[in-house]
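If you count by my numbering, then the sequence shown holds residues 5 to 309, one letter each, in order. Step one of this worksheet: look at the structure below.
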Amino acid sequence: MVKAYDVVIIGAGIAGLTAGIYLKRSSLSGIILEKAAPGGRLLNIHAIDNYPSESLIPGPELAAKIVAHASELGVVPEYGNVQGVQKQGDHFLVATDMETYEAKALIIATGTTTKTLGVPGEKEYAGRGVSYCATCDGNFFKGKDVALIGYKDRAIEEAIYLASLCHHLYLFAPQPFETTEAHEKTLRSFPNVEILFGAKLLAISGNKLVEAVKVQLQDGTEKTYPVAGVFPLTGEKSSTDFLAGLAPKNNAGFLVADPQMATSIPGLFAAGDIVDKKLRQLVTASSDGALAATAAIAYVHALKA
């Protein structure tokens with residue numbers, strides 16, 4: 005049986021939850037579908053110091069506050085792992101692993117996932133020393149030597165967290181840092197952090213668990229570093245596979261939307277890190293959610309007029 009709503013929101017990170025709050029304030033029906041825990045990437049951020057009203061707060065704690073606020077308003081995400089989306093006339097069909105939903109408007113707020121490097125040993129040692137979330141797994145490497153590969157803001161944030169736990173952190177940065185001066189200053193304040201710019205990870209090796217990484221240094225020489233953990237954090241990729249060819253994307257797979265978060269497909273809106281934009285932050289994701297919901301509400305009202 006198909007469940008019909010005016011608006012379906014896919015993703016319960018800060019963008020999706022904000023969209024849900026704005027939708028709840030309207031007269032329209034709606035639902036948020038989420039395949040994991042509500043809160044999105046907030047759940048994997050060690051500490052946040054640039055969100056208004058919170059001087060310093062762990063990501064999971066802020067996520068819990070936002071989810072609780074949404075719940076008080078009656079916005080409660082439901083489980084749904086979306087497998088595909090189809091446009092049929094003036095409505096959409098959303099197929100999950102359990103149900104099928106019909107919507108007049110659709111808001112995509114599925115965020116991003118971490119890129120893999122594809123080097124030998126990465127797949128084999130996933131969960132056995134290779135991790136894509138320092139905040140989640142860093143505690144397993146207390147007092148040990150670890151390697152982190154990355155140069156963008158999220159990688160630096162994760163490196164700061166790891167530096168507070170591990171014995172020695174090798175930070176292999178393929179490119180110059182793309183982070184704030186404050187984050188770089190904090191990272192460099194740790195005496196146990198060794199930064200190697202221009203380094204390229206070649207392979208991960210070990211026995212039952214990770215034991216070493218092979219790296220090509222900036223001068224072209226290759227060197228092996230004994231480590232117990234490896235964190236490949238070189239960037240993000242969009243979570244839009246379920247859309248197939250429905251929505252317009254840029255070359256990196258991010259959704260193209262106008263300032264009101266509308267795509268070129270009538271009734272299809274995007275919000276948060278999934279959008280093709282320059283700044284991906286909590287505040288911009290929240291703003292996107294409000295804009296997308298407002299535009300979706302107006303679109304549905306126009307259909308009903």
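Glycine is no exception: its CB is placed at the ideal position from the N, C-alpha and C atoms. Everything numeric in this text was worked out from a predicted model, so none of it was measured.
Residue pairing from DSSP places T118 in a beta bridge opposite E240.
Given a length threshold of 4 residues, each whole run of the alpha helix (DSSP H) inside the stretch 174 to 230 is given here in chain order: 185 to 192.
Take Y9, set aside five residues on each side of it, and the residues of its chain with a beta-carbon closer than 6 angstroms to its own are S33, G34, I35, A107, in chain order. Annotated three-state conformation of G271 is coil, per DSSP.
Excluding residues up to 5 positions away in sequence, Q222 lie with their Cβ nearer than 6 angstroms to the Cβ of G202 in the same chain.
For the pair I111 and A275, the CB atoms are nearer than the 8 angstroms cut-off. Scanning its chain for C-beta atoms nearer than 6 angstroms, with the 5 sequence neighbours on each side dropped, one finds around L247 the residues V89, in chain order. Residue range 286 to 308 is occupied by the alpha helix (DSSP H) that includes A299. Taking C-alpha positions only, K241 is separated from F235 by approximately 16 angstroms. For Y165, the enclosing alpha helix (DSSP H) stretches over residues 157 to 167.
Boundaries for A251: no alpha helix (DSSP H) harbours it, and the DSSP string shows neither H nor E there. For V12, the beta-bridge partners assigned by DSSP are I35, L110. In the DSSP annotation of this structure, the continuous segment of the alpha helix (DSSP H) that includes A23 starts and ends at 18 to 28. In the DSSP secondary-structure assignment, K91 is bridged to F96. Listed in chain order, the non-local C-beta contacts of Q285 below 8 angstroms within the same chain comprise N54, local neighbours out to five positions each way being set aside. Within the same chain, Cβ atoms closer than 7 angstroms to the Cβ of L307 are found at D94, K108, the five residues on either side in sequence being excluded.
Around the beta carbon of M5, fewer than 16 other beta carbons sit within 10 angstroms, so the residue counts as exposed.
Under the three-state reduction of DSSP, L152 is assigned to strand.
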